[in-house]
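Residue numbers (our numbering): 18 to 270.
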């Protein structure tokens with residue numbers, strides 16, 4: 018196992034993921050105080066550009082984790098007729114990179130914070146699809162998403178939002194999509210009563226410890242928000258076990 022996952026340069030190397038998890042260890046040690054104060058135990062901006070080393074560890078860790086999930090996603094979607102995708106909060110650009118390598122007519126714009134994109138560009142430098150990959154500095158909460166896209170991917174991002182905040186972002190996504198455009202949401206979801214599955218529930222605790230807002234998304238409420246924002250849900254696909262993620266595919270009405 019160590020030769021597979023702990024040797025730098027190997028395809029399944031998880032060193033940065035382990036290092037980031039180690040950085041989160043102290044946060045979990047302060048769970049009781051976080052629950053009392055309802056505030057994160059670490060400043061999330063550390064990992065999003067304020068601290069260059071922490072940001073690099075975070076983005077590289079996201080990339081290493083995403084390689085497994087993204088390989089699943091590319092086989093769960095059909096984008097052969099799609100041309101212009103926006104990857105919102107695309108982080109290391111792992112999903113865009115693998116999708117572009119599978120669908121040769123697709124172009125993708127990865128939108129994220131400047132410090133995150135600096136690492137994403139480094140990761141993507143050797144991609145055979147680099148000429149169809151572009152980067153856009155932007156903030157999920159404060160910036161518009163542009164117009165003219167026929168596809169939007171938002172993976173592992175909406176769990177940073179809650180309630181009306183989630184709906185506002187879905188409405189912005191609808192505004193950037195052409196009629197009939199496709200939205201793909203890959204994330205962690207809970208049931209209607211928010212009692213399970215276990216991993217999404219634990220992840221909601223993790224968000225409380227490491228972010229100003231966020232939770233695993235309540236599935237029925239989220240689908241209602243999609244409809245309110247102008248989308249029709251086409252499919253709901255659960256990733257193969259043991260992955261706890263779910264992919265919702267919707268179309269702009």
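All residues carry an ideal CB built from backbone N, CA and C; glycine is no exception.
Nearest neighbour of residue 202, chosen from 67, 107, 160 and 161 [CA to CA]:
Closest by alpha carbon: 107.
Out of 125, 244 and 131, which one is the CA nearest neighbour of residue 267?
Taking only the C-alpha atoms, the option nearest residue 267 is 244.
Which same chain residues end up closer than 6 Å to residue 114 when comparing Cβ atoms and leaving out the 5 residues on each side of it in sequence?
Non-local beta-carbon contacts of residue 114 in its own chain, meaning distances under 6 Å to residues more than five positions away in sequence, involve 141 and 144 in chain order.
Quick check: the stretch 239–259 against the stretch 181–192, are there 3 or more CB pairs under 8 Å?
A contact between stretches requires three or more CB pairs, one per stretch, nearer than 8 Å, and the stretch 239–259 meets this requirement with the stretch 181–192.
Please report the distance separating the alpha-carbon of residue 117 from that of residue 130.
Near 21 Å, if we compare the C-alpha coordinates of residue 130 and residue 117.
Out of 111, 101, 133 and 79, which has the shortest C-alpha to C-alpha gap to residue 125?
Cα-wise, what sits closest to residue 125 is 101.
CB-CB under 6 Å to residue 96, same chain, minus the five flanking residues each way: which ones, in chain order?
120 and 123, listed in sequence order.
Once DSSP output is grouped into helix, strand and coil, what is the label at residue 80?
Residue 80: helix per DSSP, three-state reduction.
Scan the stretch 132–213 and note each continuous alpha helix (DSSP H) run of 4 residues or more that stays entirely inside, going in chain order.
180–193, all fully within the stretch 132–213.
In DSSP terms, what residue 56 is bridged to:
Paired residues: none, contrary to the question.
Buried or exposed (CB count within 10 angstroms, at least 16 for buried), residue 178:
Per the 10 Å Cβ criterion, buried.
Hey, how far is the Cα of residue 50 from the Cα of residue 170?
Rounded to the nearest angstrom, the gap between the Cα atoms of residue 50 and residue 170 is 35 Å.
With a CB to CB cut of under 6 Å and the five nearest residues on each side skipped, what residues in its chain are close to residue 69?
Answer for residue 69: no residue qualifies.
Which residues does DSSP list as the beta-bridge partners of residue 235?
Residue 235 is bridged to 207.
Sorted by chain position, which residues of the same chain lie with C-beta nearer than 6 Å to residue 240's C-beta, five sequence neighbours on each side aside?
Closer than 6 Å at Cβ, skipping near neighbours: 250.
If contacts are defined as beta-carbon pairs under 8 Å, then residue 155 and residue 65 qualify, I think. What distance do you get, rounded to the angstrom?
Rounded, the Cβ-Cβ distance is 13 Å, inconsistent with contact.
Below 8 Å, how does it come out for the stretch 148–168 and the stretch 219–228: are there three or more Cβ pairs, yes or no?
Not touching, per the Cβ criterion.
Below 8 Å on the Cβ atoms is my contact criterion, and I expect residue 217 with residue 261 to pass it. Report the Cβ-Cβ distance as a whole number of Å.
The C-beta separation of residue 217 from residue 261 comes to about 6 Å, placing the pair in contact by the 8 Å criterion.
Whole angstroms is fine: what's the gap from residue 265's alpha carbon to residue 25's?
Approximately 34 Å between the Cα atoms of the pair.
CA-to-CA distance, residue 110 to residue 339, given in whole angstroms:
Nothing about residue 339 can be reported from this structure: the residues present for the chain run from 18 to 270 only.
Looking at residue 74: is its Cβ nearer than 8 Å to the Cβ of residue 36?
For residue 74 and residue 36, yes; Cβs fall inside 8 Å.
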